[in-house]
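In my numbering, the protein residues as written are 2 to 882. Idealized CB from N, CA, C, for every residue including glycine. For clarity, every value in this text was computed on a predicted model and none was experimentally measured. Below is one structure, written out as structure tokens; the observations come after it.
This is how it looks when you write it as structure tokens:
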């Protein structure tokens with residue numbers, strides 16, 4: 002009718018946007034959206050009235066259609082209203098320039114009065130449809146994301162659902178790590194797998210991301226004129242609460258692909274993404290915790306069977322390598338030294354065990370901090386690695402100081418050595434102190450994070466228990482291997498699982514022959530006979546007799562409890578009690594003998610006193626004198642028994658110190674024979690004495706010397722009824738004995754030539770029950786030639802000694818008693834009525850060795866008689882020393 006070349010329908014949208022539909026030369030053009038403020042007709046919208054005019058400096062967009070492009074000259078802008086509200090406009094364009102009459106305007110306005118309701122209904126219908134599509138899209142996105150369990154699945158599923166609704170060429174999910182000032186970027190191109198990179202937050206490519214994170218508002222930016230292949234991009238925050246957890250980025254090659262309504266839709270999508278990410282992160286944490294528990298449990302099980310430090314390190318390294326990526330593993334056990342704490346470390350570097358090395362913690366870096374603070378030390382990017390690798394040459398030492406750390410140069414197959422760039426040290430605490438240090442290291446930076454710290458902390462608890470158990474096992478094994486008590490462990494089935502060396506020594510059976518066999522095989526192999534145990538106070542005790550060794554073995558059984566009241570095993574303790582039984586028997590015999598010795602003189606004195614009380618006035622004087630003499634002799638006998646026991650008890654004390662004085666030997670002999678005269682009468686007074694006139698005084702305790710003389714002379718008189726007894730005293734150098742032994746062996750100048758009597762020692766050497774090292778009579782020095790408490794401040798006495806020999810002409814001592822003649826009970830008296838506990842010679846030996854520092858021995862015994870000789874030191878002043 003009016004010959005319009007093009008008709009443009011513009012419909013207003015929210016937020017100052019509108020979209021238009023153009024028919025040019027009868028051809029419908031593409032739908033375009035633009036801001037009203039940027040439109041040529043922006044002023045017309047503000048006025049809201051029909052306007053006709055001519056284009057002036059307008060930007061002309063070429064449309065699709067036949068013919069050459071034309072430039073419109075005339076336009077008629079007619080508003081469209083509904084309910085008195087402007088909702089759009091129609092622009093009628095002509096390529097020719099002409100005037101617009103009022104009738105034409107009135108006609109168009111009348112038509113537009115009917116277009117408003119129709120356009121409003123169409124717009125509402127389209128808006129409802131778009132909202133339904135939006136809700137449907139959000140539902141699809143929600144369903145898709147609900148089935149994802151990781152970040153890669155979230156971005157892949159989101160791209161798959163968005164691609165059919167929004168123009169998107171690349172989808173990115175940026176997850177910031179503000180603490181470490183970096184961000185993880187998951188980028189998904191169409192029909193490709195997600196790619197993950199780490200970008201510093203300060204990077205220029207992260208500018209819009211930083212702004213969105215700071216403001217919390219979505220952003221839209223045209224990328225035309227930049228180096229990007231895309232023309233527009235949208236950044237939408239993914240909120241997990243008050244802060245943004247991530248940023249969703251969409252990029253498109255279409256310049257007008259995104260607008261404000263797109264950002265509104267993507268903000269709703271971001272809510273779905275936030276929920277999916279939270280679920281993915283929670284799932285990842287649960288999975289990490291599950292894997293962490295699996296690793297810790299596996300390591301705990303594996304370490305439970307490791308019983309030494311380095312097997313613990315090897316087992317731990319092997320198990321960790323199945324679950325973690327690392328280049329260097331270290332377990333250093335900390336020990337305190339005078340120079341400070343040091344760590345002896347097991348090091349495993351790139352598939353090769355390194356030699357053990359000791360590192361001083363006082364000079365170390367991260368390891369020292371972990372030791373001193375008791376907390377883990379994580380170095381994601383070490384500063385010393387570059388400094389070390391820039392060195393032209395490395396030293397020969399394995400320890401290198403570099404930028405605050407002590408590094409160990411490990412042996413490697415390659416020509417150059419690299420320094421660890423990522424390091425983690427975790428202390429292994431035990432009893433409130435750091436017992437060891439556990440470390441993982443990598444030649445790549447940022448290999449380890451807080452998840453590794455938590456994992457190694459959990460593992461450190463198992464390592465602490467394993468190291469403690471290994472140390473306890475080592476100490477226990479050392480104790481069991483060196484204890485004199487045999488230890489045999491049986492398992493629940495009764496088979497031998499452990500035997501210590503003491504069992505081998507007791508039974509003479511090798512331990513490896515017993516393992517896995519029933520314990521009864523031990524007694525069978527050793528030929529042991531079980532004895533009857535009469536002691537009812539010792540339940541669980543068995544005794545066996547070993548005929549081959551003539552030994553008695555006591556076996557105690559200890560049941561080791563297990564779970565559910567079931568025994569885990571049985572522990573048997575084996576002890577050779579032969580000597581203890583002999584000592585106990587000797588003790589019992591001695592106690593009975595002492596009781597008899599005390600009772601006999603006491604009963605005799607009681608009888609004498611009773612006779613005196615009843616018949617005293619009726620007895621003749623000589624009879625009274627005889628009874629009183631007998632009472633005196635019995636009281637003297639009783640007193641000597643008590644004094645002998647007191648002296649023995651005193652001398653057997655390890656802290657005994659003598660108190661010597663100068664003693665004249667003739668006076669001592671006189672006192673001894675006078676005392677023996679009460680028992681042996683004239684025979685005691687007839688003892689021959691060979692004493693030089695210039696003999697110097699002895700240096701000893703007077704009572705001890707009297708006791709030795711009385712016992713030796715008394716024994717000679719006791720065992721030789723009619724033979725002559727003589728005492729010879731000579732000077733000599735040194736405390737050793739000179740003379741000829743029983744079988745003719747000669748003892749000269751300290752040279753010992755062993756003499757045997759019937760295959761046994763007959764030289765008075767200390768036998769069973771003796772204290773200290775064996776003291777021989779054939780030249781060995783007693784106490785190193787030192788006279789305890791004698792001489793100058795207790796130093797070795799090097800002056801002259803006196804050799805005192807008591808000899809008789811009897812038939813000699815029994816051969817079978819020569820070996821034990823100086824032991825307790827070794828030579829008892831000939832009859833109890835006259836006494837004789839067998840303590841005399843034992844007491845003499847104790848006095849001579851412990852008080853005098855000399856020696857005593859049987860120098861001669863045979864058909865021609867017996868000679869017993871002892872040495873006593875000379876007073877130092879008497880020798881001019």
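Contact belief for residue i with residue j at Cβ below 8 Å, rounded distance in angstroms
i: residue 714; j: residue 673; result: 6 Å
i: residue 811; j: residue 736; result: At roughly 28 Å, the Cβ-Cβ gap does not stay under 8 Å, so residue 811 and residue 736 are not in contact.
i: residue 469; j: residue 448; result: In fact, because the Cβ distance is near 30 Å, the residues do not count as touching under 8 Å.
i: residue 334; j: residue 345; result: 5 Å
i: residue 349; j: residue 382; result: Contact doesn't hold; Cβ gap of about 23 Å is too wide.
i: residue 362; j: residue 425; result: With 8 Å as the limit, residue 362 and residue 425 do not qualify as a contact, their Cβ atoms being about 17 Å apart.
i: residue 224; j: residue 235; result: Wrong, their Cβ atoms sit about 11 Å apart, outside the cutoff.
i: residue 199; j: residue 182; result: Incorrect: roughly 11 Å between the Cβ atoms, too far for contact.
CB contact flag (residue i, residue j, <8 Å)
i: residue 267; j: residue 248; result: no
i: residue 661; j: residue 638; result: no
i: residue 574; j: residue 488; result: yes
i: residue 688; j: residue 726; result: yes
i: residue 559; j: residue 543; result: no
i: residue 300; j: residue 460; result: yes
i: residue 508; j: residue 530; result: no
i: residue 704; j: residue 805; result: no
i: residue 643; j: residue 699; result: no
Among the options, the one whose alpha carbon lies nearest that of residue i
i: residue 631; options: 641, 622, 609; result: 609
i: residue 464; options: 870, 144, 143, 438; result: 438
i: residue 852; options: 707, 33, 357; result: 707
i: residue 227; options: 704, 219, 205; result: 205
i: residue 694; options: 719, 730, 718, 716; result: 730
i: residue 527; options: 517, 542, 553; result: 553
i: residue 49; options: 105, 110, 22; result: 110
i: residue 274; options: 144, 218, 169, 328; result: 144
i: residue 513; options: 500, 507, 520; result: 500
i: residue 2; options: 669, 57, 98, 105; result: 105
i: residue 29; options: 7, 40, 635; result: 7
i: residue 114; options: 100, 133, 84, 127; result: 84
i: residue 117; options: 87, 135, 95; result: 87
i: residue 824; options: 24, 295, 846; result: 846
i: residue 53; options: 126, 96, 103; result: 103
i: residue 246; options: 280, 262, 734, 259; result: 280
i: residue 842; options: 341, 303, 709; result: 709
i: residue 338; options: 359, 324, 325, 353; result: 359
Residue i, buried or exposed, once every other Cβ within 10 Å from all chains shown has been counted against 16
i: residue 633; result: exposed
i: residue 253; result: buried
i: residue 11; result: buried
i: residue 873; result: buried
i: residue 9; result: buried
i: residue 215; result: exposed
i: residue 159; result: buried
i: residue 868; result: buried
i: residue 864; result: exposed
i: residue 581; result: exposed
i: residue 193; result: exposed
i: residue 93; result: buried
i: residue 45; result: buried
i: residue 616; result: exposed
i: residue 763; result: Here the model assigns residue 763 a pLDDT of 34, short of 50, so the residue's position is not dependable and the matter cannot be decided.
i: residue 640; result: exposed
i: residue 769; result: No answer about residue 769 holds up, because its pLDDT of 34 lies below 50 and its placement is not dependable.
i: residue 413; result: Residue placement at residue 413 is flagged as unreliable, the pLDDT there being 49, under the threshold of 50; a coordinate-derived value is accordingly withheld.
i: residue 483; result: exposed
i: residue 51; result: buried
i: residue 474; result: exposed
i: residue 136; result: exposed
i: residue 222; result: exposed
Any chain B beta carbon closer than 8 Å to residue i
i: residue 156; result: Here chain B cannot be found, since the structure has a single protein chain.
What residue ranges within the stretch 565-620 form continuous alpha helix (DSSP H) runs of no fewer than 4 residues, ordered along the chain? 579-616
Return the chain-ordered ranges of every beta strand (DSSP E) run that is complete within the stretch 667-719 and spans a minimum of 3 residues. 689-691, 699-701
Just list the beta strand (DSSP E) runs in the stretch 119-197, keeping only unbroken ones of 3 residues or longer that don't cross its boundaries, in chain order. 171-178, 183-189
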